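In my numbering, the protein residues as written are 99 to 444.
Structure record follows, encoded as structure tokens.
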Amino acid sequence: MNPKRRIIPIFVPHHGCRHDCVFCDQHQISGSKTASSIDHIIESIDSIIKGIDRAGEYGAPIEIAFYGGSFTSIPAEEQVRLLLAAAPLLDNAPRNTIRVSTRPDCIDKCSLERLIAYRVSTVELGAQSMCDDVLLKSQRGHTARDVEMAAALVKQAGLSLILQMMTGLPGDLPGKSVITAKRFIGLRPDGVRIYPAVVIKGTLLYEMWRRGEYQEQSLDEAVELCAVLCSLFKEAQIPVIRLGLNPTEALSAGAAVAGAYHPAFGEMVYSKMYYKSAAALLKGAEPGDDVTIAVKKGCLSKFIGNKRCNIDALISEFSLGSLKVIESELVRDDVLLVTPDHNVRP
């Protein structure tokens with residue numbers, strides 16, 4: 099088994115950003131309270147790499163990931179300085195990698211050639227939506243066509259492509275988010291991130307919310323929708339590598355005033371997906387049946403849900419006598435019924 103990749107996030111909050119998107123405050127999202135200069139960021143990278151060297155922590159592959167800004171819109175000489183600062187990590191272990199996050203309208207052949215020259219392997223595009231009206235109302239400053247062209251260029255360059263989408267933006271509806279997911283699937287990314295919109299103090303979205311011009315997506319609505327989106331990506335064999343904002347002290351302390359922010363948002367979505375899968379299996383169950391369901395190893399807690407919410411809800415919905423959940427060596431299916439003779443039903 100290959101060791102899991104260790105990701106070291108390097109935040110460059112708002113560096114290279116051309117637009118003030120209504121939802122964005124990267125200092126609150128990243129947990130960085132102040133803007134960092136390029137010199138300070140480079141010093142941090144150098145310190146991190148020296149710490150890894152001293153500890154000899156090169157067992158699992160390591161990836162330096164530049165987040166929080168529009169990397170390819172940072173002045174070219176500063177991009178090079180940042181990438182050169184990360185280069186010793188790759189010199190010490192060839193399996194180590196670099197990824198950058200940027201905007202779809204900040205990608206061209208020249209920028210990609212620079213990334214390749216300095217050994218970047220993955221590009222994340224903050225697409226957010228594939229509906230132009232949503233992008234316009236969110237003041238993104240790019241179009242869905244920009245996403246399509248940038249994604250094609252990244253893949254043609256031989257780099258891994260990650261697409262980021264948001265739900266619940268101004269003008270968005272669940273059906274539009276489904277359209278975005280389906281158009282993402284057509285671009286064949288190597289992975290996606292899904293971030294429900296969160297109203298953060300100090301942003302334009304916060305002012306829109308205070309004036310009653312924006313209705314936030316509730317936590318329950320976001321969980322329900324993201325379960326649908328994840329099922330679409332799963333069927334297309336595209337991994338969802340992140341669900342919801344990474345919790346920070348600032349967000350949890352009150353900077354996130356409305357919207358679908360929860361430290362365990364991903365767990366809630368996967369729990370909802372397991373509930374839907376189990377409910378589909380139990381449609382033929384008779385009242386009073388004692389049922390056993392098998393789930394993949396390591397997924398038991400996600401299936402059971404917070405305070406056994408899935409177990410209790412399924413027993414109630416289908417009037418079961420009892421519901422037992424066991425772990426099994428499943429390969430393709432996440433949830434299967436177990437027959438009375440204790441065999442997993444194919």
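Glycine is no exception: its CB is placed at the ideal position from the N, C-alpha and C atoms.
These numbers come from a predicted model, not from an experiment.
query, result
"Straight-line CA distance for L182 to E176?", "10 Å"
"Mind checking whether L98 and V393 have CB atoms under 8 Å apart?", "A query on residue 98 cannot be resolved here, the shown segment of the chain reaching from 99 to 444 and no further."
"Residue range of the beta strand (DSSP E) that A392 falls in?", "D388 to K394"
"Would C397 pass as a contact of D432 if the rule is Cβ separation under 8 Å?", "yes"
"Excluding sequence positions up to five away, which residues of its chain have a Cβ less than 7 Å from the Cβ of S209?", "T170"
"How big is the Cα-Cα spacing for T195 and L257?", "12 Å"
"Less than 6 Å between C-beta atoms, sequence neighbours within five positions excluded: which residues of the same chain meet that for P385?", "S417"
"With distances taken Cα to Cα, identify the nearest neighbour of M371 among V355, Y359, S350 and I402.", "I402"
"Taking 6 Å as the limit between beta carbons, can you name the residues of its chain near D203, skipping five residues before and five after?", "H240 and D244"
"Return helix, strand or coil for Q254, following the three-state DSSP convention.", "helix"
"Between which two residues does the beta strand (DSSP E) holding A356 run?", "A354 to G357"
"Terminal residues of the continuous beta strand (DSSP E) containing Q226?", "T220 to Q226"
"To the nearest whole angstrom, what separates the beta carbons of K395 and E365, a pair I think is in contact under 8 Å?", "Rounded, the Cβ-Cβ distance is 17 Å, inconsistent with contact."
"How big is the Cα-Cα spacing for L434 and R152?", "47 Å"
"For a quick check, are the C-beta atoms of V218 and V252 less than 8 Å apart?", "no"
"With DSSP as the reference, identify every bridge partner of Y293, one or two as the case may be.", "M264"
"Only counting runs of 4 or more residues, tell me where the alpha helix (DSSP H) segments fall wholly within the region 283 to 342, in order along the chain.", "302 to 308 and 317 to 333"
"Could you tell me whether the Cβ atoms of C122 and G167 are closer together than 8 Å?", "no"
"What does DSSP give as the partner residues of P107 in its beta bridges?", "A163"
"Roughly how many whole angstroms lie between the Cα atoms of L261 and L343?", "15 Å"
"Whose C-beta lies closer than 7 Å to the C-beta of V367 among residues of the same chain, with five residues either side of it excluded?", "V321, C324, A325, C328 and L341"
"Among residues of its own chain, excluding the 5 on either side of I105, which ones have a beta-carbon nearer than 6 Å to its beta-carbon?", "E161 and A163"
"Closer than 8 Å by C-beta to L412: which residues in its own chain qualify, once you throw out the five before and the five after it? Chain order, please.", "Y373, A376, A377, L380, L418 and L421"
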